[in-house]
Amino acid sequence: MAGNVEAYFEDLKAQKSESSKRVVAKQLVAHIHNEIRDTRKHMLERFTQTVAVMLRTPIENVQISAVIAIDELIMIMDDSVNLSKFARQLQTAFNSPLSGVFQVATIAIGHLVRLNWSVCAEYVDFMLQNSLEVLQMPDRSLLLRKRASLMLLTEIAEHAPAMFPNYIDPCIAQLWPILRDANQPLRESAGRCFRVCLNLVARRETQNNVVFQTAYQNATDALEHDGVASIHGALLILDALMEHRAVYVMTKYRPVSAKVLKLIESPPHKDRLLKRTAIALLPRLAAFSPQFFANSMLGTCMNHLKVALGSKILLDRANAFQTIGRISDALNPANRQPSEYAHASTNMSLPDDQVHPMERYAQTLLGPISDELVKRRQCISQALEALASLSNALRGLLAPRIDTKYIDQIFQAPLTQILVSTLSVLARNIPHLLPVFQARLLEKIYGSLALRPAAPKVAGPGAQPPQCILADPSGNYPPLNGGAPPSVRVAPPP
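Sequential numbering from -10 applies to the sequence shown in our numbering.
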């Protein structure tokens, strides 16, 4: 049996990508879990010894394999003794100087504390204190370690908030200078950490206003600087603040909106990061004050988004599609969320009987969506999500534009869950398309099955079970209706 464990580990180390490593790790965990108690105990001992040896090697791929194996195993364990051992090993991995290792280690630590933080509280508490100390160090050679520390703080705050109350304020205090750091990945890690910390602050009955006010003041001060790092950090702060619709943002909503528009209107040769971040902030502005956004900002924003949709840069197009979908959702009265900070005298929301502001842009947006599905085929998921959001916003108003030719273009997309979900949304909002979608979807399913070769029967470590489209117990494919998306899963091409 021990030999089987070793064979799985050899297969695990041979895999190149994290996703393929996780497939083998799941098979290893299932192999251990299915053994009888005495054999399982022996195999767990071999597992622990093997990963300990792997974590001592200087090879990044081997260490990542060990951490992924631990991560998959702790997801099904309830043995506090073994969990404590794995917590100690993950602490070793977290201290690795190799960036790939500490990244998967922080994710694994987050899973561990979410499942049973009490068994690893001693190790996690030490790592939290150490992370805060690292963030205070000015040494530029510690950038990777600082990123690891921010990732750990984020994981613990998100998955084990009960362990984090005493660390919220010290953590936020350390984030302010990092949000202005010259290193972009470090700023973005700090932005994610700040967002999670702000979620915890919002739950507190006291002192939350002070944190929100300080954050807004830091953001507005940074916006007055010309440095890319300072402005980027300010945009990350405002994005997190507007998620909570804080009153401090509302009082300065128009100046902030003007600054964001100025960044979007900057010439193409200017910093792309600021422009991309400002565009991603537009849905927050739209949700914060739909009426003002629709009347004063939407036209300018859509002009720039249409230019971004024609960009040759993949990231710009993906960002534009996502932003269009989120703006459609934000301006949709059905998605309106009342704000606890909104004043009765402030007209923030769109009237229920007002035509959706996105209707005038529907035709010009459907063209880039179809181009992405048929010609470019690089941002298909984002294009489909934008189409679904437009359908939810415009409902029947979109019907005249979804003709047979456009349906043909939609079905140029590969058969994925995102395509099925988009078809479900379109059918719910345009009911007469339901039978057309059902017939075309079944045709695509059968075509996909016909093109797949028979899966070879392979057993042992690394063997991939044959994958196919799942039908319901009666043998029928689930209908495409207005409810939950059907459970259609298609294996990737071999």
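Just so you know, even glycine gets a beta-carbon here, dropped at the ideal spot from N, CA and C.
By the criterion of a C-beta distance shorter than 7 Å, R384 is surrounded in its chain by N418, once the five residues flanking it on both sides are discounted.
With fewer than 16 other beta carbons inside 10 angstroms of its own, D210 counts as exposed. Around the beta carbon of P389, a 10 Å sphere encloses fewer than 16 other beta carbons of the protein chains shown; the residue is thus reported as exposed. With a 10 Å radius around the Cβ and a threshold of 16 neighbouring Cβ atoms, N23 comes out exposed. By the beta-carbon neighbour count (other beta carbons within 10 angstroms, threshold 16), K135 is buried. For the pair A283 and H221, the Cα-to-Cα distance works out to about 25 Å. The alpha-carbon of R77 is positioned some 15 Å away from that of A58. Contact between the segment 36 to 43 and the segment 85 to 94 is not established, with fewer than three Cβ pairs separated by less than 8 Å. Here L139 carries a helix assignment [DSSP, helix/strand/coil].
Excluding its 5 nearest sequence neighbours in each direction, H148 has C-beta neighbours in its own chain below 6 Å: G99, V102, R103, listed in chain order.
Between L373 and I407, the beta carbon gap of about 5 Å places them in contact (Cβ cut-off 8 Å). 8 Å or more divides the Cβ of L354 from the Cβ of I316.
If you compare the alpha carbons of N50, F153, L142 with that of T95, the shortest gap goes to L142. Of T393, Q92, F115, the smallest CA-CA separation from L133 is found for Q92. A Cβ-Cβ separation of about 7 Å places L274 in contact with V249 under the 8 Å criterion. In this chain, the alpha helix (DSSP H) harbouring L227 covers 217 to 232. Selection L62, K295, V56 evaluated against A19 yields L62 as nearest (Cα-Cα).
Take A267, set aside five residues on each side of it, and the residues of its chain with a beta-carbon closer than 7 Å to its own are L224, V249, L252, I253, in chain order.
Straight-line measurement puts the Cα of R306 at about 45 Å from the Cα of V(-6). Separation of S410 and D318 (C-alpha to C-alpha, rounded to the nearest whole angstrom) is 16 Å.
According to the DSSP assignment, L131 belongs to no alpha helix (DSSP H), since it is labelled neither H nor E. Rounded to the nearest whole angstrom, the CA to CA distance from P346 to I157 is 40 Å. Contact check for N381 against V425 fails: the beta carbons are separated by 8 Å or more. For the pair A351 and L294, the CB atoms are not nearer than the 8 Å cut-off. Short of 8 Å from the beta carbon of Q311, and not among the five residues preceding or following it, lie these beta carbons of its own chain, in chain order: A269, Q371, E374, A375. DSSP places N188 within a helical segment (H, G or I) once states are collapsed to three. Taking R184 as reference, the option from A162, D228, D397, L212 with the minimal CA-CA separation is D228. In the structure shown, the three-state DSSP call for G299 is coil.
Contact between M152 and I145 is confirmed by a C-beta separation of about 6 Å, below the 8 Å threshold. Here Q4 is near K10, since their CB atoms are less than 8 Å apart. The continuous alpha helix (DSSP H) containing L354 extends over residues 351 to 360. A straight line joining the alpha-carbon of N207 with that of V245 spans about 13 Å. Between N105 and L72, the C-beta spacing is below 8 Å.
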